[in-house]
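A quick write-up on the structure given underneath.
Numbering (our numbering), first residue to last: 34 to 605.
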């Protein structure tokens, strides 16, 4: 009796523990997001509060510096440069439209231009189509000018719009210059350039240090990476810009290293000139105010990260057990063994376990389907081999030389491959007939796309019909480019089709072809005729009608629509 009583107490105690464990297990069964959010709260909230204050100070300082740099530096420089270039371009347009430019009176033109440009820093030049300088107000009239030295002169002559050149050495040896060109065509059809040339150093006012933040420099850089003008005396006009890693077109702020020094760089691109406006300063000057903030941030981050790690380890233990069981079930799934769903405290882990069990069932089903598909692939491959054998026999019979046989057989295989690609890509929905025609004609398509006209409703074909029609279209296009409408520069091909209740009607009509009368010897039937008459006639039970017009051949093909050769009209 005593032993029975003790056993009853042990059973009751065990039952209570199991009931308590079941209650805890049910209570702790929460979505994965509950544990993830708990982990993130422990890891992020304390350091975030501390970091926010320090980071806000850093962001304010950086935002103020970057905003000041972009607005006061690159923005103001861009506006100054573009206003200057716009003014020069306006002057050129006024000269071109006012009749002041008279090439027959160079002296008068020189005097008028000199007076008009007296209060500017620009000089008028005129360049003809042979790159010869006809006029330059920078030197006395009558001075031998020679050829223009601007490397972009060809681009300016070819352009129909104004062009702003990069920086280049002046022909008269007076430093580095740039030119704003305006192409002008005379009534007799000759083209020449009006240009306003200016010394690069005149743009110094655009990169004045007064417009820059302390410690910053700025430069104008042309499209080929050469310096036009710079606020830094060590960066000379005409030299390659020392920050050569800067992209040709870049807008915004970034960091670049050059010569062992890190720089903070702000860049803006001028659409009017094609130049870049670049402002830069050593990163240590820009980042110095943030150094102490970073140290304080690091110190606080270490403390709060320790707290976060301790909390994360505790929560991670709840995840470890379920993940281990999932890993074991995954290995069983990989081995092809059946997997049963399990119960977990985390509902998402339990959902994964259910998914693994479903995947194991689906895998067995998929393996059975794959075996079925492999048998279907083998059947399709045999059909393809039969078609290729027929092509091989006909190519060999129609070829007079081995090279002709190889080329003809290669092209026919390529046409078969294009049809097969369409069949594979559209296995479920069927092959679109318009796409099939374009695909087969694409290798023969002339430069003038309007010489091939396709007309007909949306139509989808099954695999067998698409393959047979693809071979027929390939042969028709081959004949057209050899001795039909595509053999000259003016012939046209029109492919029309319509869908009736009982059949598909296709019309291939060539026009504008150079028809050569056949010799007395009876012409040999080519592979194209065999494809049309045998494969279309026998495989698709098609009715064919061939008509030879004075300017090209016409084929009419009528294919009955039966359940053995199904097709369907597609919407819109």
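For glycine and all other residues, C-beta sits at the position ideal for the given N, C-alpha and C.
Rounded distance between the beta-carbons of residue j and residue i, thought under 8 Å
i: residue 510; j: residue 474; result: 5 Å
i: residue 571; j: residue 577; result: Between residue 577 and residue 571 the Cβ distance is about 11 Å, and since that is not below 8 Å, they are no contact.
i: residue 292; j: residue 273; result: Actually they do not touch by this definition, with Cβ atoms about 13 Å apart.
i: residue 142; j: residue 122; result: With a Cβ gap of about 19 Å, residue 142 and residue 122 do not count as contacting.
i: residue 310; j: residue 111; result: 5 Å
i: residue 464; j: residue 520; result: Not a contact, Cβ separation roughly 29 Å.
i: residue 340; j: residue 79; result: 6 Å
i: residue 197; j: residue 118; result: 6 Å
Contact under 8 Å by Cβ, residue i with residue j
i: residue 181; j: residue 204; result: yes
i: residue 593; j: residue 513; result: no
i: residue 312; j: residue 107; result: yes
i: residue 518; j: residue 543; result: yes
i: residue 590; j: residue 575; result: yes
i: residue 366; j: residue 386; result: no
i: residue 372; j: residue 390; result: yes
i: residue 200; j: residue 307; result: no
i: residue 328; j: residue 298; result: no
i: residue 526; j: residue 567; result: no
i: residue 355; j: residue 84; result: no
i: residue 361; j: residue 62; result: no
i: residue 316; j: residue 295; result: yes
i: residue 264; j: residue 241; result: yes
i: residue 209; j: residue 202; result: yes
i: residue 501; j: residue 565; result: no
i: residue 178; j: residue 166; result: yes
i: residue 516; j: residue 486; result: no
i: residue 236; j: residue 86; result: no
Residue i classed as buried or exposed, judged by whether at least 16 other C-beta atoms fall within 10 angstroms
i: residue 146; result: buried
i: residue 524; result: buried
i: residue 472; result: buried
i: residue 581; result: exposed
i: residue 4; result: Look at the range of the chain in this structure, 34 to 605, and you will see that residue 4 is not part of it.
i: residue 185; result: buried
i: residue 503; result: buried
i: residue 508; result: buried
i: residue 152; result: exposed
i: residue 155; result: buried
i: residue 194; result: exposed
i: residue 353; result: exposed
i: residue 546; result: buried
i: residue 416; result: Caution applies to residue 416, whose pLDDT of 46 falls short of 50 and renders its modelled position unreliable; the model cannot decide the point.
i: residue 470; result: buried
i: residue 243; result: exposed
i: residue 336; result: exposed
i: residue 53; result: exposed
i: residue 539; result: buried
i: residue 76; result: buried
i: residue 50; result: exposed
Identified DSSP bridge partners for residue i
i: residue 585; result: 582
i: residue 576; result: 591
i: residue 289; result: 296
i: residue 263; result: 252
i: residue 160; result: 166, 226
i: residue 145; result: Residue 145 pairs with nothing; no bridge assigned.
i: residue 531; result: 538
i: residue 231; result: 155, 211
i: residue 488; result: 529
i: residue 464; result: 494
i: residue 544; result: 525
i: residue 238; result: In the DSSP output, where bridge partners are listed per residue, residue 238 has none listed.
i: residue 302; result: 309
i: residue 188; result: DSSP lists no partner for residue 188.
i: residue 74; result: Answer by DSSP bridge pairing: none, since residue 74 is not bridged.
i: residue 328; result: DSSP output for residue 328 lists no bridge partner at all.
Residue i: CB within 7 Å of a non-hydrogen atom of the ligand ATP
i: residue 369; result: Among the ligands in the structure shown, none appear at all, so the ligand ATP cannot be discussed.
Do the region 188-195 and the region 213-223 make contact, defined as three or more Cβ pairs closer than 8 Å?
Taking 8 Å as the limit for Cβ pairs, the verdict is that the region 213-223 does touch the region 188-195.
contact_flag[the region 303-319, the region 224-234] where n(CB pairs < 8 Å) is 3 or more:
No, the region 303-319 does not touch the region 224-234.
When you compare the region 527-544 with the region 490-497, are there three or more beta-carbon pairs, one atom per stretch, that lie closer than 8 Å?
With a cut-off of 8 Å on Cβ pairs, the region 527-544 is in contact with the region 490-497, counting three or more such pairs.
Spell out a yes or no on whether the region 154-174 and the region 219-230 are touching, meaning 3 or more CB-CB pairs, one atom from each, closer than 8 Å.
Yes, they touch.
Between the region 252-266 and the region 166-181, are three or more C-beta pairs nearer than 8 Å?
Using a C-beta cut-off of 8 Å, the region 252-266 makes no contact with the region 166-181, since fewer than three inter-stretch Cβ pairs fall below that distance.
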